[in-house]
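Participant:
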Amino acid sequence: MSELSQTIAAAEKPKPKWPWIAGAAALVLVAGIAWLGATRASGDDTAAADQGSPVSGGTLEFALIDYQRSPDPQWGTNYAESTIGNNITDKLTWQDPDTGEITPWLAESWEYNDDLTEFTFHLRDDVTFSDGTPFDSEVVKANFDQYVHGDEALGINPNGAQLLPGYIETLTPDPYTAVIRFEQPLASFLQASSFTANAQPGFLSLSTLALSAEERTDPLKIIGTGPFVYESWEEQVKTVLVKREGYDWAPTALGHDGEAYLDRVVFNTIPEASVRTGSLVSGELDATLDVGTTDEQPLADQGFDIISRGVSGTSIFFNLNSSLFPTNDVNVRKAIQLGWNREAVEQTVLTDSYSIADSVLAPSVQGHADYSDSVLRYDPDEAARLLDEAGWTPGDDGIRTKDGKRLEVKLLGINNLVVNKPAYESIQQDLQAIGIDLQLTVVPIPDYTAAFASAATDWNVVAANRSRNDPAVLNLVYNPALGNASYITADSPGIDADQVSEVLGKLETTLDPDLRNEYAKAAQDLLLEQYALVSPVYNPSQVIAQAPYVHGIVFDAQSRNHFVDAWKSE
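In structure tokens:
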């Protein structure tokens, strides 16, 4: 590790100075990247601007496929929970969804040490929680401490092992300076300070942090600094937010001054796509997320705006269990990569709102590389050759066998995105043609969560994705010491766990964009080419259909939605 440290120190460039940031972080995620911004299939920003200036007031009826299982935003692990949580809490920083730049929010400026183990944030001094208490460094410390360590007496589980690995403490040298310290370099923490996806560290008041998990099921006790506050919560039915009076600290990059425009946002849980679409067409809804692929064009033809943004982080992936038969055979893993037709999935399942995956990293993430002409090409002949080489012979029903065992690959997936199941079914058909029996279990999040508990021993493939607009998402997901999503153990044939940890861990050692690109490429080479630990499927997208009088719904860098700038024209 000492040679690695010396190499990094020698290679890093001088740190540029920016108005709000000291250090190299301003260059992170901006060099040489193709970003996926929000797109519109019908209507555009110019058309919205033609409606005139934003109008204050009104209620936005918004639909989601999923529901909020707890009002506590630090607990939530689905899209509905993170989106709602983002509108009652704020973050230290904001990541620009188009450039990846980290810009001010509750922190006005920041700096970090050369080792990337200490990050100092200088906070705004005019921010308050909705109960009137101040947002200050003491609150930052209390939130990070509880988020990472949990509180057994309150029934609060630890929640920061992957987002904030190696967290030591938060120092409070004065009321508006917070110094966050880590045991080892954590380059991704700057992006984590803006993180808005599942299990987010949105700031809660000291009074809320003192509550038990059970007490936090009362939405009126969840106190944040955000532009909205809870009015009510009906599990599996709806969540209602109302405008926070006096709010005036939206992210600088949004250019929004003062309170939210809308008086109220109602998040309606509607699992059935046809009901969401029908309710939008009938006028019961103003907008809906989770638009079915077959509904996009018909809704656009009827005059609804279709807006979307690709989810930054990983693709929807098949993580291949390297310690469980038969995916503990690298030839089986490589055959799964090569054995299905990505073009067919793209043409028959996806719309223009989505794209087929050419890497485990989404195209919007710094360091993304394209493997569509190598290990992610469609080559059933090569896949069959690899299986032949490994001793898998076709059986009477076409499924291959070896030592009396069928080539059965069990997949666990989530049905929370409308594209998932049809994409997996297409892959299932292609793999069957080369002798692999891909057995699909695609279920709602609660069932998935229960089944995932035994993923290491029961499932050859876990299909999911990770929202995180930073290349270090690969380290957090696949490092054997962290997420270990491919279940690397001493029983994983031919895999050097120390090598995997070292290659992936380099992503946390620098904020120099050139070095990060180099390390990201090495990480993708290892995961995709050398060990075939993952078979990327498609790049997910969040798709909204909205009435033409709805404007200003924001997609952030994790493709979650913010409503501080949303409004309805008359």
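Under the numbering used here, think of the first position of the sequence shown as 123, with each following residue one higher.
In this text, a Cβ means the ideal position worked out from N, Cα and C, and glycines have one as well.
Everything numeric in this text was worked out from a predicted model, so none of it was measured.
Rounded to the nearest angstrom, what separates Asp559 and Gln550 at their Cα positions?
Facilitator: So the two alpha carbons sit approximately 7 Å from each other.
Participant: Can you name the start and end residues of the alpha helix (DSSP H) that Glu203 belongs to?
Facilitator: From DSSP, the alpha helix (DSSP H) with Glu203 extends over 201 to 208.
Participant: Straight-line CA distance for Trp157 to Gln217?
Facilitator: Confidence in Trp157 is poor, its pLDDT being 30 and thus under 50, which makes the residue's placement too unreliable to answer from.
Participant: CB-CB under 7 Å to Gly489, same chain, minus the five flanking residues each way: which ones, in chain order?
Facilitator: Answer for Gly489: Leu483, Pro593, Arg638, Asn639, Ala642, Lys643, listed in chain order.
Participant: Measure the Cβ-Cβ separation of Ala679 and Asn591 and say whether it is below 8 Å.
Facilitator: In contact: Ala679 and Asn591 (Cβ atoms closer than 8 Å).
Participant: Buried or exposed: where does Ala314 fall if 16 or more other Cβ atoms within 10 Å of its Cβ makes it buried?
Facilitator: By the neighbour-count rule (16 or more Cβ atoms within 10 Å), Ala314 is buried.
Participant: Who are Gln668's beta bridge partners in DSSP?
Facilitator: The partner list for Gln668 (beta bridge, DSSP) reads Ala409, Asp427.
Participant: Measuring only the C-alpha atoms, how far is Phe685 from Tyr369?
Facilitator: In a straight line, the C-alpha of Phe685 is about 13 Å away from that of Tyr369.
Participant: For Ile345, I'd like the list of residues in its chain whose CB is within less than 7 Å of its CB, leaving aside the five on either flank, ordered along the chain.
Facilitator: If we look at Ile345 and ignore the five residues flanking it on each side, its Cβ neighbours are Phe251, Ser252, Asp253, Leu326, Ser327, Ser329, Thr330.
Participant: Thinking C-beta only, is Arg398 closer than 8 Å to Val362?
Facilitator: Not in contact: Val362 and Arg398 (Cβ atoms no closer than 8 Å).
Participant: Judging by CA-CA distance, which residue of Gly282, Gln268, Ala283 is the nearest neighbour of Leu276?
Facilitator: Nearest option by C-alpha distance: Gln268.
Participant: For Tyr352, write down the residues that DSSP places opposite it in a beta bridge.
Facilitator: Its beta-bridge partners are Leu363.
Participant: Need the endpoints of the alpha helix (DSSP H) that Val541 sits in, please.
Facilitator: No alpha helix (DSSP H) contains Val541, which DSSP labels as neither H nor E.
Participant: Given this structure, state the Cα-to-Cα distance separating Asn209 from Phe304, to the nearest angstrom.
Facilitator: Those two C-alpha atoms are separated by around 28 Å.
Participant: Evaluate contact between the segment 236 to 250 and the segment 349 to 356, counting only Cβ atoms and requiring at least three cross-stretch pairs below 8 Å.
Facilitator: No, the segment 236 to 250 does not touch the segment 349 to 356.
Participant: My output table needs one value for Glu530: the three-state DSSP class, helix, strand or coil.
Facilitator: Strand at Glu530.
Participant: Please state whether the Cβ-Cβ distance between Thr579 and Leu446 is less than 8 Å.
Facilitator: In contact: Thr579 and Leu446 (Cβ atoms closer than 8 Å).
Participant: Check His378 in the structure and name its three-state DSSP category.
Facilitator: Coil at His378, not helix or strand.
Participant: My output table needs one value for Val397: the three-state DSSP class, helix, strand or coil.
Facilitator: Val397 falls in the helix class under three-state DSSP.
Participant: Indicate the three-state DSSP secondary structure (helix, strand or coil) for Pro502 in the structure shown.
Facilitator: In this structure, Pro502 counts as helix in the three-state DSSP scheme.
Participant: Once DSSP output is grouped into helix, strand and coil, what is the label at Val686?
Facilitator: Coil at Val686, not helix or strand.
Participant: Taking Glu568 as part of the alpha helix (DSSP H), name the residues at either end of that continuous run.
Facilitator: Here the sequence assigns Pro to residue 568, which means Glu is not the residue at that position. Looking at the DSSP string, the run of the alpha helix (DSSP H) that includes Pro568 is 567 to 574.
Participant: Checking the sheet assignment: what are the DSSP bridge partners for Tyr289?
Facilitator: Answer by DSSP bridge pairing, in chain order: Phe304.
Participant: Is the Cβ-Cβ distance between Leu308 and Gly288 less than 8 Å?
Facilitator: Going by C-beta atoms, Leu308 is nearer than 8 Å to Gly288.
Participant: Do the segment 518 to 528 and the segment 395 to 415 touch if we need at least three Cβ pairs shorter than 8 Å?
Facilitator: These segments do not touch.
Participant: Within 10 angstroms of the Cβ of Glu223, are there 16 or more other Cβ atoms? Answer buried if so, exposed if not.
Facilitator: Buried is the call here.
Participant: Using a Cβ-Cβ cut-off of 8 Å (strictly less than) and excluding sequence neighbours within five positions of Val177, which residues of its own chain qualify?
Facilitator: Result list for Val177: Tyr383, Trp689, Lys690, Ser691, Glu692, in chain order.
Participant: Could you say which of Phe440, Val301, Ala573 lies nearest to Leu543 if we only look at CA atoms?
Facilitator: Residue identity check: residue 543 is Lys in the sequence provided, not Leu. Considering only alpha carbons, the answer is Phe440.
Participant: With distances taken from CA atoms, which of Ala264, Thr211, Ile617, Gly272 is nearest Val249?
Facilitator: Here the closest residue by C-alpha is Thr211.
Participant: DSSP three-state label for Ile617, please.
Facilitator: It is coil, neither helix nor strand.
Participant: Closest to Asp503 by C-alpha separation, out of Gln459, Pro341, Val388, Thr181, would be which residue?
Facilitator: Per the Cα distances, Gln459.
Participant: Could you check which residue in Ser663, Leu285, Thr239, Thr299 has the C-alpha nearest to that of Glu230?
Facilitator: Per the Cα distances, Thr299.
Participant: Taking the alpha carbon of Val270 as the reference point, which residue from Trp462, Gln322, Lys532 has its own alpha carbon closest?
Facilitator: For Val270, the nearest C-alpha among the options comes from Gln322.
Participant: My guess is that Ser437 and Val583 are in contact by the Cβ rule of under 8 Å, so how many angstroms apart are they, rounded?
Facilitator: Rounded, the Cβ-Cβ distance is 14 Å, inconsistent with contact.
Participant: Is Ala491 near Gln646, with beta carbons less than 8 Å apart?
Facilitator: Yes, the pair counts as a contact, with Cβ atoms nearer than the cut-off.
Participant: Beta carbon of Leu533, beta carbon of Ala572: below 8 Å?
Facilitator: Going by C-beta atoms, Leu533 is not nearer than 8 Å to Ala572.
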